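So the protein sequences, as listed, match chains A and B. Heads up: the first sequence begins at 1 in this note's numbering, then just goes up one per residue. Heads up: the second sequence begins at 370 in this note's numbering, then just goes up one per residue. The beta carbon of each residue, even a glycine, is placed where N, CA and C say it ideally should be. No experiment lies behind these values; they were computed from the predicted model shown.
There are 2 protein chains.
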Amino acid sequence: MRLTARPVAVREAVKLLRYAIAGFGNVGSALARHVHDRADRIARSYGLDVRLIGVCDRSGVLIDPSGLDGSEIARWRESGRPIGDHPGGPSSCEPEEFFAAGIDVLVVSLPTDRHTGMPGLKLARAAIGAGAHVVLADKGPALLALPELEREAATRGLTIGASATVGSSLPTLSFARRELAGAEIVEIAAVLNGTSNVILTGMRAEGKSFREALAEAQRAGIAEPDPSYDVEGWDTAVKLTILTRALMDERCRLDGVNPVGIDGLDPEIVERARVTKGRVRLVGRSIREDDGVRMTVAPEVVGAEDAFYLVEGPRKAVRFRTDDLGDLVVSGGASGRRDVAAALLRDMLASVACSSPSNAATGDRRRDR
Amino acid sequence: MRLTARPVAVREAVKLLRYAIAGFGNVGSALARHVHDRADRIARSYGLDVRLIGVCDRSGVLIDPSGLDGSEIARWRESGRPIGDHPGGPSSCEPEEFFAAGIDVLVVSLPTDRHTGMPGLKLARAAIGAGAHVVLADKGPALLALPELEREAATRGLTIGASATVGSSLPTLSFARRELAGAEIVEIAAVLNGTSNVILTGMRAEGKSFREALAEAQRAGIAEPDPSYDVEGWDTAVKLTILTRALMDERCRLDGVNPVGIDGLDPEIVERARVTKGRVRLVGRSIREDDGVRMTVAPEVVGAEDAFYLVEGPRKAVRFRTDDLGDLVVSGGASGRRDVAAALLRDMLASVACSSPSNAATGDRRRDR
Chain A
1 MRLTARPVAV REAVKLLRYA IAGFGNVGSA LARHVHDRAD RIARSYGLDV
51 RLIGVCDRSG VLIDPSGLDG SEIARWRESG RPIGDHPGGP SSCEPEEFFA
101 AGIDVLVVSL PTDRHTGMPG LKLARAAIGA GAHVVLADKG PALLALPELE
151 REAATRGLTI GASATVGSSL PTLSFARREL AGAEIVEIAA VLNGTSNVIL
201 TGMRAEGKSF REALAEAQRA GIAEPDPSYD VEGWDTAVKL TILTRALMDE
251 RCRLDGVNPV GIDGLDPEIV ERARVTKGRV RLVGRSIRED DGVRMTVAPE
301 VVGAEDAFYL VEGPRKAVRF RTDDLGDLVV SGGASGRRDV AAALLRDMLA
351 SVACSSPSNA ATGDRRRDR
Chain B
370 MRLTARPVAV REAVKLLRYA IAGFGNVGSA LARHVHDRAD RIARSYGLDV
420 RLIGVCDRSG VLIDPSGLDG SEIARWRESG RPIGDHPGGP SSCEPEEFFA
470 AGIDVLVVSL PTDRHTGMPG LKLARAAIGA GAHVVLADKG PALLALPELE
520 REAATRGLTI GASATVGSSL PTLSFARREL AGAEIVEIAA VLNGTSNVIL
570 TGMRAEGKSF REALAEAQRA GIAEPDPSYD VEGWDTAVKL TILTRALMDE
620 RCRLDGVNPV GIDGLDPEIV ERARVTKGRV RLVGRSIRED DGVRMTVAPE
670 VVGAEDAFYL VEGPRKAVRF RTDDLGDLVV SGGASGRRDV AAALLRDMLA
720 SVACSSPSNA ATGDRRRDR
């Protein structure tokens with residue numbers, strides 16, 4: 001029981017936060033490991049004992065209401081073995097069993113059909129019905145139904161975390177909800193695809209062609225073997241659609257975007273960047289117009305006085321233009337496996353903070369150190 | 370009753386949010402006017418009927434449990450007349466009467482002694498005791514007691530908003546709480562004083578001396594007649610101390626900072642900026658070290674690849690360096706009177722969002738438009 005070893009007294013009784021991960025791939029195992037590694041800090045700073053109650057993949061469901069060892073389960077997964085072969089289980093093949101065991105948060109990271117959102121969407125709905133907060137790690141349910149899920153959750157005092165479906169460690173959705181409250185968003189502009197930005201940075205900084213820069217990003221494990229989803233702008237379009245539907249207009253749909261990617265980059269753009277000493281960025285942009293919101297994804301040349309100029313390599317950024325709070329830019333957010341895990345943990349902590357007074361307890365999180 | 374005229378159906382019953390403003394100066398009257406102007410939007414987007422129940426200044430307290438007209442009261446104040454002369458009141462001289470009338474949020478914008486935090490601190494404590502959220506518009510109580518107030522509030526399920534004491538429309542405190550949850554802040558660096566930055570921008574862009582740029586900022590109404598609090602770095606030091614105590618180490622105190630301002634700017638710095646094509650910024654910085662957190666305020670030369678390079682004129686920025694979520698930079702945040710009002714409204718909405726499910730209702734705020 002590691003909590004007895006924590007170095008400082010927690011002011012209030014430690015509260016249990018029981019969570020489960022549906023879909024145990026790279027992201028799921030990184031989260032289980034990260035939460036395990038940060039257990040002492042979470043107990044000290046938030047008064048929470050975050051306990052992994054269950055995991056599942058296609059091969060089976062593993063549940064232990066007293067808590068699984070996140071580090072051990074992550075190693076099991078990373079050695080390539082399915083959950084169904086784990087000696088502790090599986091108890092069944094139905095992730096709905098998580099709810100019977102009693103969980104506070106369900107992390108949904110099932111590979112999902114982007115046209116139907118299934119099976120993640122069904123499971124997210126079931127979680128809300130069972131009284132659990134939902135943290136989405138997969139884009140499908142967020143793309144199709146985030147506003148709807150948020151309404152369903154709100155009626156039960158629950159929250160939906162979706163950081164990992166948009167900017168990972170770059171704050172976007174929850175930032176806008178909290179920090180732009182009361183203002184109207186007139187425009188969202190964002191650099192959201194790390195792979196494209198790494199390639200564009202390589203093309204400019206090292207004078208490479210698109211093919212050469214892509215090949216290097218693939219060798220470095222940054223670009224996928226089939227990079228089309230990223231370099232054709234679809235990843236940016238999906239993330240922009242999630243943001244736009246949640247923050248500007250729910251009627252917007254992915255098929256309203258005709259993304260222009262960075263493959264086959266117009267030589268005129270490259271030349272203009274060279275002449276003006278600008279830099280090329282793949283920008284997703286949603287602008288409020290009289291008859292709705294117009295979404296575009298396309299490469300743009302940005303000058304040295306534009307915040308996106310400094311967004312190099314795998315970094316990301318988002319700029320919200322508002323009426324009452326001016327322009328606000330957030331930048332940062334690398335998207336390695338641990339960054340995603342940290343973003344998911346952040347959403348888990350926020351869900352509890354917003355349904356209990358414990359968020360303010362972080363006020364003196366370092367005091368006892 | 371303007372709510373009957375709102376253009377769209379609100380899904381759930383409109384909920385009352387009753388607030389009062391203690392200390393009715395420029396900021397208070399700007400808030401009353403802004404909330405009045407945004408009433409339809411707040412009803413439509415948040416399902417809230419935000420009603421001003423009371424205001425007070427040194428001359429008296431004006432209370433109407435059925436709601437004051439924020440626009441009318443703001444005009445009264447702006448015409449230079451004290452609240453005590455208002456025909457609707459005053460009912461007494463004790464702002465504690467707000468609590469008897471029943472309020473959900475108290476906005477504290479009393480001119481406060483920075484050594485004792487009084488009288489704002491006493492009133493903030495009384496508000497918490499009476500079950501009201503607190504939004505601080507004055508730095509005194511935040512500087513001395515924000516973590517303590519947050520703990521007191523948390524035990525009662527209440528929140529303390531403090532945007533306006535640090536960056537106004539630039540998100541800082543609540544951003545860190547929500548978006549850095551689970552990570553450790555290793556360093557905070559920030560450009561927080563608009564006046565100094567306007568002067569520095571004028572010195573560089575127009576080749577002015579400090580005296581000339583200051584005089585111009587004074588003519589433009591940006592710098593105070595006595596600019597020492599801003600240009601000697603104290604404003605930055607106060608804001609940095611509020612941030613650092615809340616987010617890094619509650620033991621930090623303002624007297625642990627020895628600010629170096631931009632008055633008497635070292636000519637060597639100006640020359641280095643010129644030669645390197647850098648820009649001078651007044652940077653507040655808190656760094657975690659083995660034996661605590663070290664806070665400094667001093668002018669720095671930043672290069673073209675630094676996020677602070679683009680923070681020109683009255684803009685502000687903050688960079689959080691963390692272990693698990695990398696570096697995150699937020700920039701923006703002009704600090705005119707309406708920007709401060711919008712930041713206060715944001716804190717008011719957040720306090721309610723976090724104590725009810727209504728935050729998620731903003732998910733489709735534009736849907737009905």
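Delimiting residues of the beta strand (DSSP E) encompassing SER700 (chain B): 696–701
4-residue-minimum alpha helix (DSSP H) runs that sit fully inside the stretch 600–678 of chain B, ordered along the chain: 603–616, 636–645
THR610 (chain B) vs LEU512 (chain B) beta-carbon contact at 8 Å: yes
Euclidean distance between Cα positions of GLU187 (chain A) and GLU466 (chain B): 43 Å
CB contact check: ARG51 (chain A) to chain B, cutoff 8 Å: no
C-beta contact flag for ALA495 (chain B) and VAL687 (chain B) at 8 Å: no
Beta-carbon proximity check, GLU669 (chain B) vs GLY630 (chain B), cutoff 8 Å: no
Touch test, the stretch 707–716 of chain B against the stretch 521–535 of chain B, Cβ-Cβ under 8 Å, three pairs minimum: yes
Assigned secondary structure, LEU68 (chain A) (DSSP; H/G/I helix, E/B strand, else coil): coil
First through last residue of the beta strand (DSSP E) which encompasses HIS502 (chain B): 502–505
C-beta atoms of VAL134 (chain A) and TYR19 (chain A) nearer than 8 Å: no
Proximal chain B residues relative to GLY326 (chain A), where beta-carbon distance stays under 8 Å: SER538, GLY701, GLY702, ALA703, ASP708
Chain B contacts from the stretch 287–304 of chain A (Cβ-Cβ distance under 7 Å): ALA304
Status (buried if at least 16 other CB within 10 Å, exposed otherwise) for ASN562 (chain B): buried
For GLY89 (chain A), the three-state DSSP class (helix, strand or coil): coil
Contacts around ALA350 (chain A), its chain only, beta-carbon distance under 6 Å, and the 5 residues preceding and following it disregarded: none
Stretch-stretch touch, CB-based, cutoff 8 Å, three pairs: the stretch 143–158 of chain A with the stretch 111–130 of chain A: yes
Contacts around LEU254 (chain A), its chain only, beta-carbon distance under 7 Å, and the 5 residues preceding and following it disregarded: LEU143, ALA237, VAL238, THR241
Close beta carbons around ILE53 (chain A), own chain, < 8 Å, minus the five adjacent residues each side: ARG18, TYR19, ALA20, ILE63, ASP64, PRO65, GLY67, LEU68, PHE98, ALA101, GLY102, ILE103
Boundaries (first-last residue) of the alpha helix (DSSP H) holding GLU575 (chain B): 563–575
Reference LEU170 (chain A), options B:ARG663, B:PHE544, B:LEU539, closest by Cα: B:PHE544
Same chain, Cβ closer than 6 Å to HIS405 (chain B), five either side skipped, listed in chain order: GLY439, SER440
Close beta carbons around TRP76 (chain A), own chain, < 7 Å, minus the five adjacent residues each side: HIS86
Buried versus exposed call for VAL644 (chain B) [16 or more other C-beta atoms within 10 Å across all chains shown]: exposed
Opposing strand residues paired with VAL555 (chain B) [DSSP bridges]: Paired residues: none, contrary to the question.
Beta-carbon spacing of ALA153 (chain A), ILE128 (chain A) below 8 Å: yes
Cα-Cα separation between ALA378 (chain B) and ASP291 (chain A), rounded to whole angstroms: Per-residue confidence for ALA378 (chain B) stands at a pLDDT of 37, beneath the threshold of 50, marking its modelled position as unreliable; the derived number appears in the next sentence. Their backbone Cα atoms lie some 20 Å apart in a straight line.
Within chain A, the residues that ILE766 (chain B) reaches when beta carbons sit closer than 9 Å: With chain B covering only 370 through 738, there is no way to say anything about residue 766 (chain B).
Exposed unless 16 or more other CB atoms sit within 10 angstroms - verdict on ASP226 (chain A): exposed
Helix, strand or coil at LEU110 (chain A) [DSSP, three-state]: coil
ILE128 (chain A) - containing alpha helix (DSSP H), residue span: 120–129
Coarse secondary structure for PHE320 (chain A), derived from DSSP in three states: strand
LEU16 (chain A) burial status per 10 Å Cβ neighbour count (16 or more: buried): exposed
Beta-carbon proximity check, ALA39 (chain A) vs VAL55 (chain A), cutoff 8 Å: no
Three-pair Cβ contact test at 8 Å for the stretch 279–286 of chain A versus the stretch 206–225 of chain A: no
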